[in-house]
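Only one structure is covered here, and it is reproduced in the block below.
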Amino acid sequence: ATDGGSGGGGGGGGDELITVGFAQTGSESGWRSANTESLKTALSEENGFKLVFNAADNKQEAQIAAVRSFINQGVDAIVIAPITVDGWDDVLKEAKDAGIPVILEDRTVSASDDLYASWVGLDFEKEGELAGQWAVENADGSNLVVLEGTTGSSAALDRATGWSKALEGSTIKTLDSQTGDFTRDGGKKVMEGFLQKYGSDINLLFAHNDDMGLGALDAIEAAGLVPGQDIKIVTIDAVHDGMQALADGKFSFIVECNPLLGEKVADLVKKVLAGESVDKRTIVEDQTFTQDQAKEALPTRPY
Ligand code: GZL
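Under mature numbering (1 follows the signal peptide of the UniProt record, and there is no 0), residues -1, 1 to 302 are what the sequence shown spells out, in order.
Shown next as structure tokens:
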């Protein structure tokens, strides 16, 4: 529902549905699927929403175009999972000028925080630090290769910051670090390159998400090496297939990144449209898993 006049920002009143445009990053990983599912469930008609959904195929220009189309449609509110931190100032100003509030979920942006109403997500730097602390405690002195997430994304930038902070003073030697764009295929291809270059010298892999680690498994096994033994693997997300690899002893440690942000996003949309004051930032808690904890948790994991 829109008030017609300013092209949006109305809705929320009475039994009218609140029209929300959701610009999702893409469908690059198991985490992304779980996050999309969580938001679609929360922003459903039975909860009072009409959802206009767009997945931008992991390309920022497509994601910005989706936001522009939501502005032109005069939606009541816009939700964005911004693929990279930079490049958002103009379109966020356009939404503000159109009187349409923006809620960021998952990753965040470098634009000034007066250009969006609120952000809800995870502490990526802490996730990287927890992964690094495990590596120092359990694999110090290793030769490390890193599969980085999408270049310029807050998830990749902050996980790298936390990881390197944890490794300060350790004897872990970084042989190489490249982006696999958070996808299985990207992780497999980059790991193949690492193995061609460094072979069995590699004994530790840090993948910024489970999916790149799962892709790397194929390359490691194709090279005749045993994941979890010849090469210890630490990842972030804790999606089902990652937790299965951990329980099977192929991964060594996973730091969870909780994708179930839908209810918090829906609550923020309703509060912002009702003119209530909301926190600018909401951090959702994560946890960590060893191989034994993964075996324990798997049967009841929601995603
Ligand atoms: C993290 C999210 C990342 C996941 C990846 O919140 O942005 O993007 O870690 C996903 O699996 O592709």
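Don't be surprised by glycine CBs; every beta carbon is placed ideally from N, CA and C.
Predicted model, so just to flag it, every value in this text is computed and none were measured.
Any heavy atom of the ligand GZL closer than 8 Å to the CB of residue i?
i, result
"Val238", "yes"
"Pro258", "yes"
"Arg31", "yes"
"Arg183", "no"
"Asp209", "yes"
"Ile79", "no"
"Asp105", "yes"
"Thr170", "no"
"Phe123", "yes"
"residue 306", "Since the first residue shown for the chain is -1 and the last is 302, residue 306 is missing from the structure and cannot be characterised."
"Ser37", "no"
"Ile235", "yes"
"Thr160", "no"
"Ala154", "yes"
"Gly212", "no"
"Thr178", "no"
"Gly148", "yes"
"Gly120", "yes"
"Thr24", "yes"
Starting from residue i, trace the beta strand (DSSP E) both ways and give me its first and last residue.
i, result
"Val74", "First-last for Val74: undefined, no H or E at that position."
"Leu50", "48 to 54"
"Glu255", "252 to 255"
"residue 390", "This structure cannot settle anything about residue 390, because the visible part of the chain is limited to -1 through 302."
"Trp118", "117 to 120"
"Gln286", "Neither: Gln286 is in no beta strand (DSSP E) and is coded neither H nor E."
"Ile82", "Here Ile82 belongs to no beta strand (DSSP E), and DSSP marks it neither H nor E."
"Arg280", "280 to 282"
Once you ignore the five residues that flank residue i on each side, which residues in its own chain have a CB closer than 8 Å to its CB?
i, result
"Leu213", "Arg183, Gly186, Asp240, Gly241, Ala244"
"Gly192", "Gln177"
"Ser5", "Residue placement at Ser5 is flagged as unreliable, the pLDDT there being 42, under the threshold of 50; the coordinate-derived value follows with that caveat. So the qualifying residues of the chain are Ala97, Gly98."
"Asn137", "Lys231, Ser251, Phe252"
"Ser43", "Leu50"
Kindly list the residues whose CB is nearer than 7 Å to the CB of residue i, restricted to its own chain and excluding five residues on each side of it in sequence; keep chain order.
i, result
"Gln132", "Ala165"
"Thr234", "Ala206, Asn208, Asp209, Gly212, Gly241, Phe250, Ile253"
"Gln59", "Ile82, Thr83, Gly86"
"Val189", "Leu146, Gln177, Gly179"
"Asp105", "Asn34, Ala80, Gly120, Leu260"
"Thr170", "Asp139, Gly140"
"residue 305", "Beyond the ends of the chain as shown, which are -1 and 302, falls residue 305; an answer cannot be given."
Excluding the 5 residues preceding and the 5 following residue i in the sequence, name in chain order all residues of the same chain whose CB lies nearer than 6 Å to its CB.
i, result
"Ala41", "Gly261, Glu262, Ala265"
"Thr107", "Trp118, Ser153"
"Gly11", "With a pLDDT of only 47 at Gly11, under 50, the local geometry of the prediction cannot be trusted, and no value is derived from it."
"Gly25", "Ala54, Ala55, Asp56, Asn57"
"Asp112", "Lys279"
"Leu174", "Asn142, Val144, Tyr197"
For the ligand FMN, is there any heavy atom lying closer than 8 Å to the beta carbon of residue i?
i, result
"Ser28", "Because the ligand FMN does not appear in the structure shown, any question about it cannot be addressed here, the ligands present being the ligand GZL."
Please check if any C-beta of chain D sits within less than 9 Å of the C-beta of residue i.
i, result
"Lys269", "Looking at the structure shown, chain D is missing, and only one protein chain is on hand."
Where do the ends of the alpha helix (DSSP H) carrying residue i lie?
i, result
"Thr18", "From DSSP, Thr18 is part of no alpha helix (DSSP H) but of the beta strand (DSSP E) over 17 to 23."
"Thr35", "29 to 41"
"Leu91", "88 to 96"
"Lys249", "Premise fails: Lys249 is in no alpha helix (DSSP H) and is neither H nor E."
I'd like the ranges of any alpha helix (DSSP H) spanning at least 4 consecutive residues and lying wholly in the stretch 125 to 158. none
Which residue spans inside the stretch 176 to 235 form an unbroken beta strand (DSSP E) run of at least 3? 203 to 206
Could you check whether the stretch 214 to 221 touches the stretch 89 to 103, counting it as contact only if at least three pairs of C-beta atoms, one from each stretch, sit closer than 8 Å? no
Check whether the stretch 50 to 57 and the stretch 267 to 274 are in contact - that is, three or more C-beta pairs closer than 8 Å. no
Would the stretch 223 to 230 and the stretch 196 to 205 be scored as touching if the rule is three or more Cβ pairs under 8 Å? yes
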